[in-house]
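To start, the structure under review is shown below, and the notes come after it.
Numbering (this note's numbering), first residue to last: 18 to 386.
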């Protein structure tokens, strides 16, 4: 074993990925499948039928006890105690200055229990912050990331594929909800959230059961194994932010156009409230927008957005790639707010060439009902 292997974690499905010919990448301390057949085939499978992802690198933190909801109300910008049992909510954890430490999904799994799902690169930060912020409450905070494997089935055929493997009537599983059930005879927490712009499900399972569930899904012959690369192009088309790109500790939720997740009307104090109250009344100097470009030469992360006539810098690209679904390049960028109106003609400096782009409203892609 190399020194790199010694410090890089592998998911319970690593051997399965190897047998499927996956190419791997180191991501947030994990060795994760980047692609199998190829980015385009996997992207199109999710848009047209269904793809199967291993997301075990995500972090899971459990809060339980009489004041678990109150602890989360104080620790996060959302109103966790108002989430009904079996439901979930997208939210954020911020620093005292309002900067985003991570974006999260919070599932209420019981009257006195919550499951917080964090991004892989921030899982330890989030767990430590929740432990610290929960110290004054009657709650137990446990980092249970090693106790979960996480699979996702995404795409328009996902419900039909999963229906044959679970006794749960999937028509009753609403968007941003979760249900304990079985899949292929294995106990799972079944959720319906997603990060691709398509309908889909997440399956939280014990690590030792992950291979059985993956195999049952794969053997239907109706899902394509998908890696992190196509997951990124899918979420970009759907206008979904990525921590480290569109979301950072230097930005507030209001800067990112996501002030809706901040519940200033909830009772009591919460970390970052004072700073976020100020941010709510201010107009950000730069706004997050979509950019479309002719052809497939894509603006990439870090490229400058400029005035097409003067060349003056107006912003910076946070994510960009050719869109397989739309047939042209798309990007997200922070640009000066006065130039952020849809229809505005701007340019991106792509290796010294001023390439024209047009500002558009996000998302770039919306699935049909």
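Positions of the beta carbon are idealized from the N, C-alpha and C atoms, including for glycine.
Check: At least three beta-carbon pairs within less than 8 Å, the segment 160-177 to the segment 50-57; Outcome: no
Check: Delimiting residues of the alpha helix (DSSP H) encompassing residue 59; Outcome: 56-65
Check: Own chain, CB closer than 6 Å to residue 130, minus 5 neighbours either side, in chain order; Outcome: 81
Check: Environment of residue 284 [buried if 16+ CB atoms lie within 10 Å]; Outcome: exposed
Check: Local conformation of residue 212 per DSSP, three classes; Outcome: coil
Check: Extent of the continuous alpha helix (DSSP H) run through residue 32; Outcome: 31-36
Check: Residue 243: first and last residue of the uninterrupted beta strand (DSSP E) it sits in; Outcome: Counting along the chain, residue 243 falls outside any beta strand (DSSP E), and DSSP gives it neither H nor E.
Check: Beta-carbon gap between residue 46 and residue 26 smaller than 8 Å; Outcome: yes
Check: Collapsed DSSP secondary structure at residue 422 in the structure displayed; Outcome: A query on residue 422 cannot be resolved here, the shown segment of the chain reaching from 18 to 386 and no further.
Check: Environment of residue 124 [buried if 16+ CB atoms lie within 10 Å]; Outcome: buried
Check: Under 8 Å between C-beta atoms of residue 307 and residue 381; Outcome: yes
Check: Where residue 224 falls: helix, strand or coil (DSSP); Outcome: helix
Check: Sufficient close CB pairs (3 or more, under 8 Å) joining the segment 253-264 to the segment 126-146; Outcome: yes
Check: Three-state secondary structure assigned by DSSP to residue 380; Outcome: coil
Check: Where residue 299 falls: helix, strand or coil (DSSP); Outcome: coil
Check: Counted within 10 angstroms of its Cβ, other Cβ atoms place residue 18 as buried (16 or more) or exposed; Outcome: In this prediction, residue 18 scores a pLDDT of 33, lower than 50, which makes its location untrustworthy; the coordinate-derived value is nonetheless stated afterwards. Looking at its Cβ environment, which holds fewer than 16 other Cβ atoms inside 10 Å, residue 18 is exposed.
Check: Closer than 8 Å to chain C by CB, residue 350; Outcome: Protein chain content of the structure displayed is limited to a single chain, and chain C is not contained in it.
Check: Cβ-Cβ distance between residue 93 and residue 266 below 8 Å; Outcome: no
Check: Between the CA atoms of residue 107 and residue 140 - distance to the nearest angstrom; Outcome: 16 Å
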